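Some notes on the structure that comes next.
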Amino acid sequence: MKLQTAVNAVFPPDCVCCGAPVETEFGLCANCWSDTPFITGPSCDQCGTPLPGSDPEPGLRCDDCMTIARPWDKGRAVFTYSGNGRKMVLRLKHGDQPAIARAAGKWMAAKVEPLMTDNTVIVPIPLHWWRLFRRKVNQSALLAQALANETQAFFAPDALKRIRKTASQDGKGREERFANLRDSIHPHPKRGHILVGRDILLVDDVMTSGATFAAAAQACHEAGAENVRVMALARVAKDA
Ligand SMILES: [Zn+2]
Ligand SMILES: [Zn+2]
């Protein structure tokens, strides 16, 4: 019996979503797996939202990505923001279930291949220091770190900086969300140089309108990044 097998027999690992015993660490039990809205079919190449149809064509775009300026070229999401997807994002945000980040790192790694090059730097969406102070955890940084661990890619946790506290995006329409975030994210004055000439992979927990990714991607381009791509753990789908 291998050591890990022996340890698991005595202390079975928990499902990261519901806490039920499971066989492998940082995974989901069968029930939670089937109730998690993983995006497995055709999806938008730029934002990861699921699209109808059965055969995944390369370079598909959703209606939003065809009409809204997206300052990045490709994007993926692991699941939609509903059911267990939403539940895990909220737990991660409140910092009470760090094992979710480890599991999410594996799920994101399984989808990230088309977004990565040898020149990729993984950068989390920054949180304003006041939010970080109150919440103790930047969930995007946890996710970006987990993805960097899985892929062995270069990780730059503080290449970007939130320069002002933005009002909550809740209850705002698309225009308001973009206006609220505009110019809120800049390259870090001391560490932003890391973005020059690199391929940037931005990581966030949830993509709703894309306003946050747009502000961050803009900042990367201003800093001299070669290209920008995005990965969200959860995508708010239009009909969700
Ligand atoms: Zn479970
Ligand atoms: Zn899209």
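Residues 207 to 446 in the working numbering are what the sequence shown spells out, letter by letter.
Glycine is no exception: its CB is placed at the ideal position from the N, C-alpha and C atoms.
Here the structure is a predicted model, which means the values were calculated and not measured.
- Exposed or buried, what is Lys371 when buried is set at 16 or more other beta-carbons lying within 10 Å of its beta-carbon? exposed
ask   = Would you say the stretch 373-390 touches the stretch 293-312, given that touching needs at least three Cβ pairs under 8 Å?
value = no
Inset, instruction - Return the first residue and the last residue of the beta strand (DSSP E) that His427 is part of. - result: Taken as a continuous stretch (DSSP letters only), His427 belongs to no beta strand (DSSP E), being part of the alpha helix (DSSP H) at 417-428.
*Chain-order list of residues whose beta-carbon lies under 6 Å from that of Val442 (same chain, five-residue window excluded)*: Tyr287, Thr414
Proximity winner among Trp336, Ala362, Ala352, Pro243, relative to Gly457 (alpha-carbon distances) = Because the chain is modelled from 207 through 446, residue 457 falls outside the range shown and cannot be assessed.
How far does the beta strand (DSSP E) with Asn433 in it extend, from its first residue to its last? 433-441
**Prompt:** Which term fits Ala431, buried or exposed, when burial requires 16 or more other beta carbons within 10 angstroms of its beta carbon?
**Reply:** buried
message: Please return the same chain residues whose Cβ sits closer than 6 Å to the Cβ of Ala347, not counting the five positions on each side in sequence.
response: Pro330, Pro363
Report task. Mind listing which residues have their beta carbon within less than 6 Å of any non-hydrogen atom of ligand 1? Chain order is fine. Result -> Cys221, Cys223, Cys224, Ala226, Leu234, Cys235, Asn237, Cys238
Less than 7 Å separating the Cβ of Arg435 from some heavy atom of ligand 2? no
| query | Taking the alpha-carbon positions, what's the Glu428 to Ala236 distance? | reply | 45 Å
### Query
When the Cα of Pro332 is compared with those of Asp302, Thr326, Ala350, which residue comes out closest?
Ala350
Quick one: Cα of Ala420 to Cα of Arg383, how far? 11 Å
*Note the first and the last residue of the continuous beta strand (DSSP E) segment covering Val412.*
405-413
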